[in-house]
Amino acid sequence: MFNRILLAVDGSDHSDRAADKAIGLAKLSDDASVELLYVVDAKQSKSDVMKYGDADTATFKRKEMLKKYEAKLFNKGIDSETTVLFGSPAETIIKHANEGDYDCLVMGSRGRNEFQTFVLGGVSHKVMKHVKAPVMLVK
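Numbering (UniProt numbering), first residue to last: 1 to 139.
Okay, here's the thing in structure tokens:
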């Protein structure tokens, strides 16, 4: 069964639904735990600072978003820990997932159209191709 679940989140509706699926998987085992993973992308970080006016507020908002997921897991009785890493989302998730001993990675899938995915690639597509553990993408 899935005892060590990696849940990659970004605060989107897709991530919210992915968290629900990760909780469902964790509930199937008595000793399952979930690691929340959030990757701070340099571009997004700069955008957040511009949006909120300063780095401290952007960091506070990020922590606030993560607390939502932590509370959701806690309220369902699931052991969890949170990891925040800095870098390119796809590459960082792949590296972290492959270096850890995870039974499953759960993450949201963004709703890009096929042409955009073909031209730009997608985080979820790259992750799915390169992570060794099973990957559950949630729409």
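Note that beta-carbon positions come from the ideal geometry of N, C-alpha and C, so glycine has one too. Bear in mind the structure is a predicted one, so any value in this text is a computation, not a measurement.
Do you know how far the Cα of residue j is from the Cα of residue i?
{"i": "R17", "j": "N3", "result": "19 Å"}
{"i": "I93", "j": "D31", "result": "24 Å"}
{"i": "K21", "j": "S33", "result": "13 Å"}
{"i": "S80", "j": "E70", "result": "7 Å"}
Let's see if you can read the secondary structure: which residues bound the alpha helix (DSSP H) around residue i?
{"i": "A18", "result": "13-26"}
Quick check on this structure: which residue in the options has the alpha carbon closest to the alpha carbon of residue i?
{"i": "L105", "options": "V127, K72, S88, K27", "result": "V127"}
{"i": "residue 143", "options": "H130, A8, A26, S12", "result": "Residue 143 lies beyond the range of the chain shown here (1 to 139); nothing can be said about it."}
{"i": "H125", "options": "G53, P89, Q44, D79", "result": "P89"}
Quick one: what does DSSP say residue i is sitting in, helix, strand or coil?
{"i": "Y102", "result": "coil"}
{"i": "I78", "result": "coil"}
{"i": "S47", "result": "helix"}
{"i": "L6", "result": "strand"}
{"i": "S124", "result": "helix"}
Original post:
Is the stretch 28-41 in contact with the stretch 8-15, if contact means three or more CB pairs nearer than 8 Å?
Top reply: With a cut-off of 8 Å, the stretch 8-15 and the stretch 28-41 count as touching, because enough Cβ pairs lie within range.
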